[in-house]
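Scroll down for the structure; my scribbles are underneath it.
Numbering (the numbering used here), first residue to last: 71 to 436.
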(Lines of atoms letter the chains of each structure in order from A and count residues from 1; the text may use other names and numbers.)
(Lines give C-alpha, C1' and ligand atoms only; values in the text may rest on other atoms or scores of the structure.)
Protein backbone atom coordinates (compact mmCIF):
# COMPACT_ATOMS: atom_id res chain seq x y z
CA UNK A 1 0.00 0.00 0.00
CA UNK A 2 3.05 2.28 0.05
CA UNK A 3 5.07 3.58 -2.88
CA UNK A 4 8.27 5.55 -2.35
CA UNK A 5 7.27 6.26 1.22
CA UNK A 6 3.76 7.53 0.53
CA UNK A 7 0.40 5.80 0.90
CA UNK A 8 -1.07 4.86 -2.49
CA UNK A 9 -3.66 2.33 -1.28
CA UNK A 10 -5.24 2.95 2.12
CA UNK A 11 -7.04 -0.40 2.37
CA UNK A 12 -3.91 -2.37 1.55
CA UNK A 13 -1.85 -0.35 4.02
CA UNK A 14 -4.45 -0.79 6.78
CA UNK A 15 -4.57 -4.53 6.15
CA UNK A 16 -0.77 -4.81 6.38
CA UNK A 17 -0.69 -2.85 9.64
CA UNK A 18 -3.53 -4.90 11.15
CA UNK A 19 -1.84 -8.18 10.29
CA UNK A 20 1.48 -7.07 11.78
CA UNK A 21 -0.17 -5.74 14.95
CA UNK A 22 -2.25 -8.89 15.46
CA UNK A 23 0.83 -11.09 15.17
CA UNK A 24 2.83 -8.80 17.45
CA UNK A 25 0.06 -8.87 20.08
CA UNK A 26 -0.12 -12.64 19.90
CA UNK A 27 3.65 -12.88 20.23
CA UNK A 28 3.93 -10.43 23.14
CA UNK A 29 0.78 -11.51 24.93
CA UNK A 30 -0.46 -7.93 25.37
CA UNK A 31 -2.63 -5.34 23.66
CA UNK A 32 -0.99 -2.69 21.49
CA UNK A 33 -2.70 0.69 21.74
CA UNK A 34 -0.13 3.12 20.34
CA UNK A 35 2.87 2.99 18.03
CA UNK A 36 5.99 4.80 16.90
CA UNK A 37 6.15 4.73 13.11
CA UNK A 38 8.76 5.78 10.58
CA UNK A 39 8.00 8.12 7.71
CA UNK A 40 9.83 8.68 4.45
CA UNK A 41 9.22 10.24 1.06
CA UNK A 42 10.44 13.08 -1.10
CA UNK A 43 7.82 15.36 0.50
CA UNK A 44 9.99 15.60 3.64
CA UNK A 45 11.97 18.83 4.01
CA UNK A 46 14.46 19.92 6.66
CA UNK A 47 15.93 23.08 8.10
CA UNK A 48 18.11 24.15 11.01
CA UNK A 49 16.46 26.86 13.11
CA UNK A 50 17.58 29.19 15.91
CA UNK A 51 15.73 30.45 18.98
CA UNK A 52 16.40 32.62 22.04
CA UNK A 53 14.88 32.81 25.53
CA UNK A 54 15.64 34.62 28.78
CA UNK A 55 16.89 32.53 31.71
CA UNK A 56 14.32 33.50 34.33
CA UNK A 57 16.17 32.70 37.56
CA UNK A 58 19.74 33.05 36.26
CA UNK A 59 20.02 29.24 36.27
CA UNK A 60 18.74 27.12 33.38
CA UNK A 61 15.77 24.94 34.31
CA UNK A 62 13.90 22.32 32.24
CA UNK A 63 11.23 25.00 31.77
CA UNK A 64 13.77 27.37 30.22
CA UNK A 65 14.93 24.55 27.97
CA UNK A 66 11.39 23.86 26.80
CA UNK A 67 10.82 27.56 26.15
CA UNK A 68 13.93 28.04 24.01
CA UNK A 69 13.20 24.88 22.01
CA UNK A 70 9.69 26.13 21.35
CA UNK A 71 11.14 29.46 20.21
CA UNK A 72 13.56 27.70 17.87
CA UNK A 73 10.76 25.55 16.47
CA UNK A 74 8.36 28.45 15.90
CA UNK A 75 9.12 28.84 12.20
CA UNK A 76 6.73 29.94 9.49
CA UNK A 77 5.75 27.02 7.29
CA UNK A 78 3.06 26.81 4.58
CA UNK A 79 -0.41 25.68 5.62
CA UNK A 80 -0.03 22.47 3.64
CA UNK A 81 3.02 21.37 5.65
CA UNK A 82 3.44 20.04 9.18
CA UNK A 83 6.39 19.88 11.60
CA UNK A 84 7.04 16.18 12.16
CA UNK A 85 10.23 16.01 14.14
CA UNK A 86 12.62 18.30 15.97
CA UNK A 87 15.95 17.56 17.62
CA UNK A 88 18.25 19.96 19.43
CA UNK A 89 21.74 20.45 18.05
CA UNK A 90 23.47 22.68 20.59
CA UNK A 91 22.91 25.54 23.01
CA UNK A 92 24.61 28.84 23.79
CA UNK A 93 24.55 30.73 27.10
CA UNK A 94 25.58 34.40 27.08
CA UNK A 95 27.68 33.85 23.97
CA UNK A 96 29.35 30.63 25.13
CA UNK A 97 28.62 28.06 22.44
CA UNK A 98 29.05 24.30 22.12
CA UNK A 99 26.84 23.55 25.13
CA UNK A 100 24.87 20.30 24.89
CA UNK A 101 23.21 20.02 28.30
CA UNK A 102 22.51 23.50 29.69
CA UNK A 103 20.22 22.58 32.61
CA UNK A 104 21.77 23.83 35.87
CA UNK A 105 24.16 26.26 34.19
CA UNK A 106 24.13 29.96 35.10
CA UNK A 107 23.44 32.81 32.72
CA UNK A 108 20.98 35.38 31.41
CA UNK A 109 20.40 34.52 27.75
CA UNK A 110 19.82 31.00 26.39
CA UNK A 111 19.98 30.21 22.68
CA UNK A 112 19.31 26.94 20.86
CA UNK A 113 19.56 25.54 17.36
CA UNK A 114 17.30 22.69 16.33
CA UNK A 115 16.95 20.41 13.33
CA UNK A 116 13.37 20.46 12.04
CA UNK A 117 11.76 17.98 9.65
CA UNK A 118 8.50 18.96 7.97
CA UNK A 119 6.24 16.88 5.77
CA UNK A 120 3.34 17.39 3.40
CA UNK A 121 0.26 17.55 5.64
CA UNK A 122 -1.76 15.30 3.32
CA UNK A 123 0.93 12.58 3.23
CA UNK A 124 1.27 12.71 7.02
CA UNK A 125 -2.51 12.54 7.44
CA UNK A 126 -2.77 9.51 5.18
CA UNK A 127 -0.20 7.55 7.18
CA UNK A 128 -1.75 8.58 10.49
CA UNK A 129 -5.22 7.71 9.18
CA UNK A 130 -4.12 4.19 8.25
CA UNK A 131 -2.70 3.63 11.73
CA UNK A 132 -5.75 5.10 13.46
CA UNK A 133 -8.12 2.93 11.41
CA UNK A 134 -6.41 -0.02 13.07
CA UNK A 135 -7.53 1.30 16.45
CA UNK A 136 -4.08 2.66 17.32
CA UNK A 137 -2.86 6.09 18.32
CA UNK A 138 0.35 7.52 16.89
CA UNK A 139 2.94 8.33 19.55
CA UNK A 140 5.27 9.86 16.98
CA UNK A 141 6.21 9.74 13.32
CA UNK A 142 10.01 9.61 13.04
CA UNK A 143 11.91 10.19 9.77
CA UNK A 144 13.33 6.85 8.64
CA UNK A 145 16.94 8.02 8.41
CA UNK A 146 16.88 9.40 11.95
CA UNK A 147 15.29 6.20 13.28
CA UNK A 148 17.92 4.07 11.55
CA UNK A 149 20.75 6.27 12.82
CA UNK A 150 19.67 5.60 16.41
CA UNK A 151 20.33 1.89 15.98
CA UNK A 152 23.41 1.75 13.74
CA UNK A 153 25.63 4.79 14.37
CA UNK A 154 28.18 5.02 17.16
CA UNK A 155 28.80 8.10 19.31
CA UNK A 156 32.30 8.38 17.86
CA UNK A 157 30.92 8.47 14.31
CA UNK A 158 28.48 11.23 15.22
CA UNK A 159 31.30 13.23 16.79
CA UNK A 160 33.74 12.83 13.91
CA UNK A 161 31.08 13.38 11.27
CA UNK A 162 29.24 10.67 9.37
CA UNK A 163 26.68 10.23 6.62
CA UNK A 164 24.10 7.48 7.07
CA UNK A 165 22.64 6.17 3.79
CA UNK A 166 19.56 4.00 4.32
CA UNK A 167 18.66 2.28 1.03
CA UNK A 168 15.13 0.99 1.41
CA UNK A 169 12.66 -0.44 -1.07
CA UNK A 170 11.24 2.78 -2.50
CA UNK A 171 13.50 5.49 -1.10
CA UNK A 172 17.05 6.22 -0.01
CA UNK A 173 17.20 8.26 3.20
CA UNK A 174 20.23 10.32 4.22
CA UNK A 175 21.19 11.64 7.66
CA UNK A 176 24.36 13.65 8.25
CA UNK A 177 25.86 14.11 11.74
CA UNK A 178 28.77 16.30 12.82
CA UNK A 179 29.99 17.24 16.31
CA UNK A 180 27.51 14.81 17.82
CA UNK A 181 24.35 16.34 16.32
CA UNK A 182 22.06 15.84 13.35
CA UNK A 183 22.76 18.46 10.68
CA UNK A 184 21.00 17.42 7.49
CA UNK A 185 18.43 14.88 6.34
CA UNK A 186 17.11 14.12 2.86
CA UNK A 187 14.99 11.51 1.10
CA UNK A 188 15.80 10.46 -2.46
CA UNK A 189 13.01 8.81 -4.53
CA UNK A 190 14.98 5.72 -5.53
CA UNK A 191 15.72 2.41 -3.81
CA UNK A 192 15.79 -1.34 -4.11
CA UNK A 193 12.46 -1.53 -5.96
CA UNK A 194 14.04 0.30 -8.88
CA UNK A 195 16.74 -2.38 -9.04
CA UNK A 196 14.01 -5.03 -9.20
CA UNK A 197 12.20 -3.11 -11.95
CA UNK A 198 15.44 -2.77 -13.94
CA UNK A 199 15.87 -6.54 -13.83
CA UNK A 200 12.22 -7.22 -14.73
CA UNK A 201 12.28 -4.92 -17.76
CA UNK A 202 15.85 -5.68 -18.75
CA UNK A 203 15.55 -9.47 -18.88
CA UNK A 204 11.78 -9.63 -19.56
CA UNK A 205 10.71 -11.54 -16.48
CA UNK A 206 7.80 -11.02 -14.04
CA UNK A 207 8.52 -8.71 -11.09
CA UNK A 208 8.26 -11.52 -8.51
CA UNK A 209 10.92 -13.50 -10.37
CA UNK A 210 13.03 -10.37 -10.80
CA UNK A 211 13.02 -9.87 -7.02
CA UNK A 212 14.10 -13.48 -6.50
CA UNK A 213 16.88 -13.11 -9.08
CA UNK A 214 18.04 -9.91 -7.38
CA UNK A 215 18.27 -11.60 -3.99
CA UNK A 216 19.97 -14.78 -5.23
CA UNK A 217 22.26 -13.68 -8.05
CA UNK A 218 22.64 -9.91 -8.36
CA UNK A 219 25.69 -7.91 -7.32
CA UNK A 220 26.51 -4.21 -7.50
CA UNK A 221 29.99 -4.65 -8.95
CA UNK A 222 30.22 -6.37 -12.32
CA UNK A 223 33.82 -7.48 -11.78
CA UNK A 224 32.62 -9.80 -8.98
CA UNK A 225 30.62 -11.88 -11.48
CA UNK A 226 32.62 -14.36 -13.56
CA UNK A 227 32.09 -14.17 -17.31
CA UNK A 228 31.26 -17.88 -17.56
CA UNK A 229 28.54 -17.78 -14.88
CA UNK A 230 24.97 -18.07 -16.14
CA UNK A 231 21.59 -18.08 -14.42
CA UNK A 232 18.16 -19.30 -15.46
CA UNK A 233 15.59 -16.57 -16.06
CA UNK A 234 11.84 -17.38 -16.12
CA UNK A 235 10.01 -15.84 -19.07
CA UNK A 236 6.67 -14.07 -19.20
CA UNK A 237 3.59 -16.19 -19.87
CA UNK A 238 4.15 -19.73 -21.10
CA UNK A 239 7.42 -19.00 -22.85
CA UNK A 240 10.35 -21.25 -21.87
CA UNK A 241 13.02 -19.98 -19.44
CA UNK A 242 16.32 -18.63 -20.77
CA UNK A 243 19.94 -18.52 -19.67
CA UNK A 244 21.56 -15.17 -18.86
CA UNK A 245 25.16 -14.27 -18.15
CA UNK A 246 25.40 -13.21 -14.49
CA UNK A 247 27.83 -10.50 -15.54
CA UNK A 248 25.15 -8.89 -17.72
CA UNK A 249 22.83 -8.86 -14.73
CA UNK A 250 25.56 -7.31 -12.58
CA UNK A 251 26.21 -4.56 -15.12
CA UNK A 252 22.55 -3.52 -15.00
CA UNK A 253 22.46 -3.58 -11.20
CA UNK A 254 25.76 -1.69 -10.93
CA UNK A 255 24.41 1.10 -13.13
CA UNK A 256 21.46 1.63 -10.76
CA UNK A 257 23.64 1.58 -7.62
CA UNK A 258 26.02 4.04 -9.26
CA UNK A 259 23.06 6.35 -9.86
CA UNK A 260 21.94 6.05 -6.22
CA UNK A 261 25.42 6.75 -4.86
CA UNK A 262 25.96 9.66 -7.24
CA UNK A 263 22.65 11.18 -6.10
CA UNK A 264 23.83 10.82 -2.49
CA UNK A 265 27.17 12.40 -3.43
CA UNK A 266 25.38 15.36 -5.04
CA UNK A 267 23.26 15.83 -1.91
CA UNK A 268 26.35 15.66 0.30
CA UNK A 269 27.96 18.44 -1.71
CA UNK A 270 24.79 20.55 -1.67
CA UNK A 271 24.55 20.19 2.11
CA UNK A 272 28.02 21.66 2.63
CA UNK A 273 29.09 18.81 4.93
CA UNK A 274 30.98 16.70 2.38
CA UNK A 275 34.39 17.62 3.83
CA UNK A 276 33.24 17.29 7.46
CA UNK A 277 32.36 13.58 7.64
CA UNK A 278 35.66 12.12 8.83
CA UNK A 279 33.98 8.85 9.82
CA UNK A 280 32.81 8.34 6.26
CA UNK A 281 29.65 6.63 5.04
CA UNK A 282 27.47 4.04 6.77
CA UNK A 283 25.23 2.05 4.44
CA UNK A 284 22.14 0.38 5.86
CA UNK A 285 18.67 -0.73 4.76
CA UNK A 286 17.65 -3.89 2.93
CA UNK A 287 19.25 -2.91 -0.38
CA UNK A 288 22.60 -2.25 1.34
CA UNK A 289 23.02 -6.03 1.65
CA UNK A 290 23.74 -6.31 -2.06
CA UNK A 291 27.09 -7.96 -2.79
CA UNK A 292 29.59 -5.37 -3.97
CA UNK A 293 27.62 -2.36 -2.69
CA UNK A 294 30.27 -1.39 -0.12
CA UNK A 295 33.13 -1.67 -2.60
CA UNK A 296 31.26 0.37 -5.22
CA UNK A 297 30.38 3.02 -2.63
CA UNK A 298 34.04 3.39 -1.66
CA UNK A 299 34.96 3.89 -5.32
CA UNK A 300 32.37 6.63 -5.77
CA UNK A 301 32.59 8.46 -2.43
CA UNK A 302 36.37 8.08 -1.93
CA UNK A 303 35.63 7.68 1.77
CA UNK A 304 35.52 4.90 4.32
CA UNK A 305 32.31 2.88 4.01
CA UNK A 306 30.90 0.28 6.38
CA UNK A 307 27.68 -1.72 6.60
CA UNK A 308 25.44 -0.50 9.41
CA UNK A 309 23.54 -3.10 11.43
CA UNK A 310 21.45 -2.56 14.59
CA UNK A 311 23.41 -2.31 17.82
CA UNK A 312 22.46 -1.83 21.47
CA UNK A 313 20.17 -4.88 21.55
CA UNK A 314 20.60 -8.18 23.35
CA UNK A 315 18.84 -11.50 23.10
CA UNK A 316 17.74 -10.84 19.52
CA UNK A 317 21.13 -9.98 18.09
CA UNK A 318 21.25 -12.92 15.71
CA UNK A 319 17.83 -12.01 14.31
CA UNK A 320 17.93 -8.22 14.04
CA UNK A 321 21.63 -7.87 13.22
CA UNK A 322 20.77 -7.14 9.60
CA UNK A 323 20.61 -3.75 7.89
CA UNK A 324 17.04 -4.68 6.95
CA UNK A 325 15.94 -4.06 10.56
CA UNK A 326 17.78 -0.78 11.22
CA UNK A 327 14.70 1.44 11.11
CA UNK A 328 12.53 -0.91 13.19
CA UNK A 329 15.12 -1.32 15.93
CA UNK A 330 15.79 2.43 15.86
CA UNK A 331 12.10 3.10 16.50
CA UNK A 332 12.15 0.74 19.48
CA UNK A 333 15.19 2.50 20.93
CA UNK A 334 13.69 5.93 20.27
CA UNK A 335 10.44 4.94 21.96
CA UNK A 336 12.27 3.57 24.99
CA UNK A 337 14.42 6.69 25.33
CA UNK A 338 11.45 9.00 24.88
CA UNK A 339 9.67 7.40 27.81
CA UNK A 340 6.92 5.96 25.68
CA UNK A 341 7.88 2.39 26.55
CA UNK A 342 7.91 1.22 30.14
CA UNK A 343 10.63 -1.31 29.55
CA UNK A 344 12.75 -2.89 26.85
CA UNK A 345 11.72 -6.39 27.91
CA UNK A 346 11.32 -7.80 24.36
CA UNK A 347 15.02 -7.19 23.74
CA UNK A 348 16.31 -8.80 26.94
CA UNK A 349 17.64 -12.30 26.44
CA UNK A 350 16.66 -13.54 29.90
CA UNK A 351 12.98 -13.44 29.01
CA UNK A 352 13.35 -16.75 27.20
CA UNK A 353 9.93 -17.57 25.78
CA UNK A 354 9.06 -13.97 24.97
CA UNK A 355 12.31 -13.53 23.08
CA UNK A 356 11.64 -16.72 21.19
CA UNK A 357 8.20 -15.56 20.11
CA UNK A 358 9.57 -12.13 19.19
CA UNK A 359 12.30 -13.82 17.14
CA UNK A 360 9.74 -15.92 15.28
CA UNK A 361 7.62 -12.86 14.53
CA UNK A 362 10.54 -10.88 13.13
CA UNK A 363 11.63 -13.84 11.00
CA UNK A 364 8.14 -14.22 9.51
CA UNK A 365 7.53 -10.53 8.87
CA UNK A 366 10.94 -9.44 7.64
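Note that beta-carbon positions come from the ideal geometry of N, C-alpha and C, so glycine has one too. Quick caveat, the model's predicted, so the values are computed rather than measured.
| Query | Result |
| --- | --- |
| Bridge partners for residue 152 per DSSP, in chain order? | 189 |
| Taking C-alpha atoms, which residue in 170, 235 and 192 lies nearest to residue 80? | 192 |
| My assumption, with CB atoms under 8 Å, is that residue 299 sits in contact with residue 315. Please give the rounded CB distance. | 7 Å |
| Counting pairs of Cβ atoms below 8 Å between the region 95-115 and the region 167-183, do you hit three or more? | no |
| Between the alpha carbons of residue 327 and residue 363, how many angstroms are there, rounded? | 7 Å |
| To the nearest angstrom, report how far apart residue 257 and residue 77 are at their CA atoms. | 16 Å |
| How should residue 227 be labelled, buried or exposed, when 16 other C-beta atoms within 10 angstroms of its C-beta is the threshold for buried? | buried |
| Among 285, 377 and 211, which residue has its Cα nearest to the Cα of residue 66? | Look at the range of the chain in this structure, 71 to 436, and you will see that residue 66 is not part of it. |
| Which residues does DSSP list as the beta-bridge partners of residue 247? | 232 and 252 |
| Kindly indicate which three-state DSSP category residue 173 falls into: helix, strand or coil? | coil |
| Grab me the residues of residue 370's own chain with a C-beta within less than 8 Å of its C-beta, minus the 5 sequence neighbours each way, in chain order. | 328, 331, 332 and 335 |
| Between which two residues does the beta strand (DSSP E) holding residue 354 run? | 351-354 |
| Can you check DSSP and say which residues form a bridge with residue 300? | 315 |
| For residue 175, I'd like the list of residues in its chain whose CB is within less than 8 Å of its CB, leaving aside the five on either flank, ordered along the chain. | 129, 130, 163 and 169 |
| Reducing DSSP to helix, strand and coil, say where residue 381 ends up. | coil |
| Give the DSSP-derived three-state secondary structure of residue 365 in the structure shown. | helix |
| So what's residue 397 in DSSP terms, helix, strand or just coil? | helix |
| Between the region 138-154 and the region 282-292, do three or more beta carbon pairs fall short of 8 Å? | no |
| According to DSSP, is residue 116 helix, strand or coil? | strand |
| For residue 23, tell me which candidate among 236, 173 and 248 has the shortest Cα-Cα distance. | Examination of residue 23 is not possible in this model, given that the chain is present from 71 through 436 alone. |
| Looking at the unbroken beta strand (DSSP E) that takes in residue 208, where does it start and where does it end? | 207-213 |
| Is residue 189 closer than 9 Å to residue 154 when the C-beta atoms are compared? | yes |
| Quick one, are the C-beta atoms of residue 269 and residue 323 less than 9 Å apart? | yes |
| On the criterion of 16 or more Cβ atoms from any shown chain inside 10 Å, does residue 296 qualify as buried, or is it exposed? | exposed |
| For residue 89, which three-state DSSP category applies? | helix |
| Can you look up residue 108 in the DSSP assignment and give me helix, strand or coil? | strand |
| Assuming residue 201 contacts residue 208 (C-beta within less than 8 Å), just tell me the rounded distance between them. | 5 Å |
| Given a cut-off of 9 Å on the beta-carbon distance, is the pair residue 261 and residue 355 in contact? | yes |
| Measure the beta-carbon distance from residue 343 to residue 253 and round it to whole angstroms, keeping in mind my assumption that it falls under 8 Å. | 6 Å |
| Going by CA-CA distance only, name the one from 230, 157, 350 and 124 that's closest to residue 165. | 124 |
| Going by beta carbon distance, what residues of the same chain come within less than 8 Å of residue 225, once the five residues before and after it are set aside? | 250 |
| How many whole angstroms separate the CB atoms of residue 204 and residue 88, which I take to be in contact at a CB cut-off of 8 Å? | 5 Å |
| Between residue 156 and the rest of its own chain, which residues show a CB-CB distance below 6 Å, the 5 nearest in sequence each way excluded? | 143, 184 and 186 |
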